[in-house]
Structure formats: structure tokens, C-alpha cells
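Just below is one structure, and these are the notes that go with it.
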Amino acid sequence: MDQLDYFSVSRRGVLASGAAGLAAGSISPQVAFAASTPAGERAITMQTVSMRINGKAQTLDLDTRTTLLDALREHVKLTGTKKGCDHGQCGACTVIVNGERINSCLSLAVMHEGDEVTTIEGLGTPENLHPMQAAFVKHDGYQCGYCTPGQICSAVSVLKEIADGVPSHVSAELTGPMEASNIEMRERMSGNICRCGAYSNIAEAMAEVAGDRA
Amino acid sequence: MKPFSYERVSSPAEAAAAAARARGAKFIAGGTNLLDLMKLEIETPHHLVDVTGTGLDTITETDEGGLRIGALVSNTALASDERVKRDYAVLSRAIVAGASGQLRNKATTGGNLLQRTRCPYFYDTNQACNKRKPGSGCAAKEGVSRQLGIVGVSDACIATYPGDMAVALRVLDAVVETVKADGTTRAIPLGEFHRLWGDTPHIETVLEPDEMITAVTLPKPLGGTHIYHKVRDRRSYAFALVSVAAVLDAEGKGRVAIGGIAPRPWRVESADAALPDVKAAARALTQEASPTDQNAFKIALVERTLAGVMAKARGEAA
Ligand SMILES: Cc1cc2nc3c(=O)[nH]c(=O)nc-3n(C[C@H](O)[C@H](O)[C@H](O)COP(=O)(O)OP(=O)(O)OC[C@H]3O[C@@H](n4cnc5c(N)ncnc54)[C@H](O)[C@@H]3O)c2cc1C
Ligand code: SF4
Ligand code: FES
Ligand code: FES
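Protein chains in written order, with our numbering: chain A, 1452 to 1665; chain B, 188 to 505.
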């Protein structure tokens, strides 16, 4: 029944909710909940997580509820990644984790122990743009720019997914090489909404990068 | 979001034991459905058991010539697997018809099966909903029900199971493998996995709280033409109004399952037997329909979608 065995987490930061302050040192979250919170309220659990963000090791002590998106923006202060809907519906929060694009709003930061996270800031710098960033500039792949960091992270990943043989809803054949055609890119980018409607220019930017690669 | 404690486990047995031990525990895999619902406080687990480290992320061949898909295999990995693309194309097709590239990278086989309904009143916590709050009523019946179910629904709830992947798994006769905290395992045919709502719409599957999905198995390949056709209000990144998963031979005989119309992927033996007669099959699939005024169109849409799929299977222009 000893919960401690099952938590490989630092319990140093188990906080009581509200103004109740810090709970006693090494008790488990469940005990903290029972012992130190007013009836009906739950204790906040803090947890340490380490990941590499844009090549740099980061160790964060977070409320378990923190999404990867909020960890990046509020804790690491990488505000390039944007929050649109916070529910997986818009793609503004897209980042690349271990080589795959994901919605950082629908992922808990504590679930990224040991992961390699790349955000728009890590793809390139103003002096040394990633080819996809440069292509977005060249083709006016944005207007207000709010969706753009997510679009670019997604666009980079889409070309990789095509190269890796990941099929899409519009792929005529499932087997064999996938094409970087306009219709393929539109379908594969459907998880990134642009309120300004920069879609056709985004597709052109992607086509240029895909063409250079081919 | 309500606070919760969190732990990682490294085996399915540990996961089930952890879920049984902690009060109000839930498994979390990709998190793309659970976290969404936790933000809205529709799901309020006290404890999360992270199952992503359980090593169930491979697809292996079974002795029977089929495949065993680990519960943590991502939707992208499953749809991209060469064996799946070749022998179970309907499954690849169904997966890529759902959600977005980002979501499919995170979504897992087990989590996808357990995704909850998309009824708008289930999501709106100001509305009556028997599924969210048993006994509170059902706002959908008098509300906007275009997206909701027409068969297998009940007085208490007219929502659908919204997923795509499971519709293909149903047509393929997949089996869900699980483990419980006491170490017992079981194999549940997909057709028996999702419950009809009856008067307990908050209980959606036959799984017990501490029961973890470990794998989904596919019998040996069926051959035939594999088709997944999804009809929706937007061409991409939208849930199905009606979808058809089909494995058909050149004469149009075979099997079909329908998504978007019921609490589970809808497959009816007499419909399969009626093929290639589309009208008779559609009638068998929808004969017990109890639609609302707003979603009665789905009865005709089932038949038309089926007709399009049939034309395609027989090589006619749809
Ligand atoms: C904007 C949006 C659009 C979408 N569109 C579609 C669509 O068109 N079609 C479609 O099919 N889906 C769609 N989805 C849903 C998506 O497919 C699911 O969110 C996803 O498949 C869930 O998988 P997950 O691994 O993230 O599950 P999680 O969110 O981690 O878990 C979901 C549930 O399963 C339980 N669970 C997870 N793994 C296990 C296990 N191994 N054993 C026991 N229980 C487990 C969890 O406790 C939880 O209750 C969409 C989602 C979003 C956000
Ligand atoms: S249809 Fe079901 S999920 Fe929707 S409001 Fe009614 S009870 Fe809730
Ligand atoms: S903010 Fe994550 S998808 Fe909209
Ligand atoms: S550039 Fe404004 S939302 Fe896309």
C-alpha cells in the first residue's frame, strides 16, 4: 500500500491547493490530497520533467496539468508557438517532438521526459532561416502570422512524412512512394487552420521546398 | 482542469495494478481525447497512469497469419505499416480519413478505440446529458442532432461512436486483448467491445476500470477490394456523418460496416448476406432506425454511400 514505491517523481513540490501552501516533505500526492486540502478541493501535484528543447537541455518543475504548449510558452518563454483553440482543432500549437509533429496543446509536459522538442525558434534563426521559413517569406505564406509557426512546423513534417511513405486520405495508392503534389499537401496540412486564408501561398512555399529536395 | 497525480509505468501488468490501486485513476496514452475532455472537466481523473512506456508499440505477426497491433502503436505508424497497407488497406484508409496528421502521430490504437462521443451537448457542460451526468436528461433530442445516431440508440442517449479506425477493425473482425490488475487477460471481439447505450449511456464499453487494452489482433488477410468511404460536412479534419468500411470481391459480395450512425461500428449479418444488393443491404442496416427529423437523411445517405462503394469495388465509375 506504500504509494512511494510507485512514484519515480520528486514529491518535494507537492502543493496543497489554494493558499494552503506547501504540503509536508515526502508524502504521496494521494496522502497530500487527504491530509492538507479543504474538503472537495484537490492538491496540486508538482513534477519534474527533463527534455531537450531546440537542442538545449531543460529541467522543469511543473504542475502536472501543464501542457507542453504552456510549458514552452510560460515556463521556457519560447512564445513562437501559439495557442489558438487549445483543443487540437487549429494546429497553431504544432511543434516537432522526436521528429514528428504534434499538437502541443493536447499533450502533458510531464509526458515528455527525455524527448527532443523542436519549435519554430529551433528550426532556424532570423539570420539563418530554415528553407521552409525562407520559402514562407518568399511566397507570402502568411498575413497576420498567428498560425505561421504551427504551419511551418507542420509543413516541414509533412515533407518528411511524404518521404517516409506515410499515406494520406488523398493518396491514390497506399503502397510505393508518396507524391508531394498540391492536393497531397493540402490534405496533409488540413490540421492547420489559417484565419487569414494564406493557404494557396503556403502550398506554394511547400512546393518550392519539396521541389528543391526532389 | 482538476489537479491530478501522475505516474509512469513500464509494463501492462504494472499499469493495470496502478489503475486499480489509485482512486479515480485513468490510463493516458496519446492524450488527444482525454486531455481535451479534462480541460472541459468532463473527465476529472484523480490520477493518471501514463502507459506510453509499456513497450506495446510494435506490430507483430501472429501464428494464425494475422497481425497483433500493440495498443500503443500510433495511428500514423499503423496506417503506414507495409503489411497493413498491403493486406488490410481498409484500416489504413480509415485511419487517414480521421483527425489530422498531428493528431494521428499522437493518437494510439487503444486510445482511438476508446475515444468518446462528439455529441455537442456532451461537450457543453451547461446542457443536460445522460452520458456526462447520468439522469440529467438528453439535450440532443430536442436540439441539433444532424450529426447524431439513428440506429442502436436509446431514449436516454442518441449519440454515436465517432471514430473511423474501429469501423475498419469491425469489418476485419478484429479482437481486442486486455489485461486486468489481477493478471487475467481476455480477448474481446470488436463487435462486442462497444456497448449500446440503453439506459446507461455513461458506460460505453465492456472494459472494467482497471482493464488495460494491450493489443488489437487481426485475423489473416481476407483479400478482396478494401474501401473506406467517409461522408462529412468538410472534406478533411471532420467527423463522419456516415462512413462505410468495405471488403468486397469483384462481384460485390463481402462485408460492410457503417460508421457515424450508431453507438458502435454498425455491422449486420443479414446486410453482408444481401450483398451485392445495395438496397437490401442498406435496408438491413437501417431497418430499426429511429432518427430525429434532423438526421433522418442518414438513412438515405447509408444507401447512397454504399452504392458508391459498390460501384468502386466493381470497377464502375462512382
Ligand atoms: C480536433 C480533433 C479531430 C478529430 N477527428 C477525428 C476523426 O475524424 N476521426 C477519428 O476517428 N478520430 C478523430 N479524433 C479523435 C482521435 O482519433 C482520438 O483523440 C485519438 O484516437 C485518441 O487516442 P489517444 O491515444 O490520444 O487517447 P487518450 O486521449 O490517451 O485516451 C483516450 C481514452 O482511452 C483510454 N486509454 C488509452 N489507452 C488505453 C489502453 N491501452 N487501455 C485502456 N484504456 C486506454 C484513456 O483512459 C482515455 O479514456 C479527433 C480528435 C480531435 C482532437
Ligand atoms: S445524445 Fe447522449 S451524449 Fe448527447 S446529450 Fe444526449 S445523452 Fe448526452
Ligand atoms: S492550440 Fe493546439 S490545436 Fe489549436
Ligand atoms: S496568417 Fe493569419 S491566421 Fe494564418
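Just so it is clear, CB atoms sit at the ideal spot from N, CA and C, and this is done for glycine as well.
In this structure, does DSSP put residue i in helix, strand or coil?
| i | result |
| --- | --- |
| A/Tyr1650 | helix |
| A/Cys1598 | coil |
| A/Glu1655 | helix |
| B/Arg255 | strand |
| B/Ala206 | helix |
| B/Val283 | helix |
| B/Cys316 | strand |
| A/Cys1541 | coil |
| A/Ser1605 | helix |
| B/Gly495 | helix |
| B/Tyr424 | coil |
| B/Gly324 | coil |
| B/Glu201 | helix |
| B/Asp386 | coil |
Does any residue of chain B have a CB that is nearer than 8 Å to the CB of residue i?
| i | result |
| --- | --- |
| A/His1620 | yes |
| A/Gly1592 | no |
| A/Gln1602 | no |
| A/Val1607 | no |
| A/Val1482 | A caution first: A/Val1482 carries a pLDDT of 39, below 50, which makes its placement in the model too unreliable to give a value. |
| A/Leu1625 | yes |
| A/Ala1631 | no |
| A/Val1617 | yes |
Between residue i and residue j, which are expected to be in contact by the criterion C-beta below 8 Å, what is the C-beta distance as a whole number of angstroms?
| i | j | result |
| --- | --- | --- |
| B/Ala353 | B/Ile256 | Contact flag wrong, Cβ pair sits at about 12 Å. |
| B/Ala294 | B/Thr239 | Actually they are not in contact, since the Cβ atoms of B/Ala294 and B/Thr239 sit about 12 Å apart, beyond 8 Å. |
| B/Ala266 | B/Val283 | 5 Å |
| B/Val236 | B/Ile215 | 7 Å |
| B/Asp223 | A/His1538 | 5 Å |
I'd like to know whether the C-beta of residue i is nearer than 8 Å to at least one C-beta of chain A.
| i | result |
| --- | --- |
| B/Phe484 | no |
| B/Ala200 | no |
| B/Met188 | yes |
| B/Arg273 | yes |
| B/Ser192 | yes |
| B/Thr263 | yes |
| B/Ser341 | no |
| B/Leu222 | yes |
| B/Ser267 | yes |
| B/Ala353 | no |
Classify residue i as buried or exposed, calling it buried when 16 or more other Cβ atoms lie within 10 Å of its own Cβ.
| i | result |
| --- | --- |
| A/Asn1549 | exposed |
| A/Arg1552 | buried |
| B/Gly502 | exposed |
| A/Gly1565 | exposed |
| B/Ile390 | exposed |
| B/Gln334 | buried |
| A/Asn1579 | exposed |
| B/Met487 | It is Ala, not Met, that sits at residue 487 of chain B in the sequence shown. B/Ala487 comes out exposed. |
| B/Lys573 | Within the shown structure, residues of chain B are numbered from 188 to 505, placing residue 573 of chain B beyond reach of any answer. |
| B/Ala460 | exposed |
| B/Ile246 | buried |
| B/Asn313 | exposed |
| B/Pro199 | buried |
| A/Ile1547 | buried |
| B/Ile345 | buried |
| A/Val1588 | exposed |
| B/Ala468 | buried |
Closer than 7 Å: is that where the CB of residue i sits relative to any heavy atom of ligand 6?
| i | result |
| --- | --- |
| A/Gln1594 | The model depicted lacks ligand 6 and carries ligand 1, ligand 2, ligand 3 and ligand 4 instead. |
Any C-beta of chain A within less than 7 Å: which residues of the stretch 279 to 301 of chain B qualify?
Contact residues of the stretch 279 to 301 of chain B toward chain A are Ser279, Val283, Ala284, Ser287, Gly288, Gln289, Leu290, Asn292 and Lys293 (C-beta to C-beta distance below 7 Å).
By the 9 Å beta-carbon criterion, what residues does the stretch 1530 to 1543 of chain A contribute toward chain B? Asp1537, His1538, Gly1539, Gln1540 and Gly1542
request  = Below 8 Å between beta carbons is the criterion; list the residues of the stretch 1554 to 1578 of chain A that meet it against any residue of chain B, in chain order.
outcome  = Asn1554, Leu1557, Ser1558, Leu1559, Val1561, Met1562 and Glu1564
Taking any Cβ of chain A, which residues in the stretch 420 to 438 of chain B have a Cβ under 7 Å from it, in chain order? Ser423 and Tyr424
**Request:** Check each residue of the stretch 1640 to 1662 of chain A: if its Cβ is closer than 9 Å to any Cβ of chain B, include it; give the result in chain order.
**Result:** Met1640, Ser1641, Gly1642, Asn1643 and Ile1644
*Using a beta-carbon distance cut-off of less than 8 Å, what residues from the stretch 381 to 415 of chain B approach chain A?*
none
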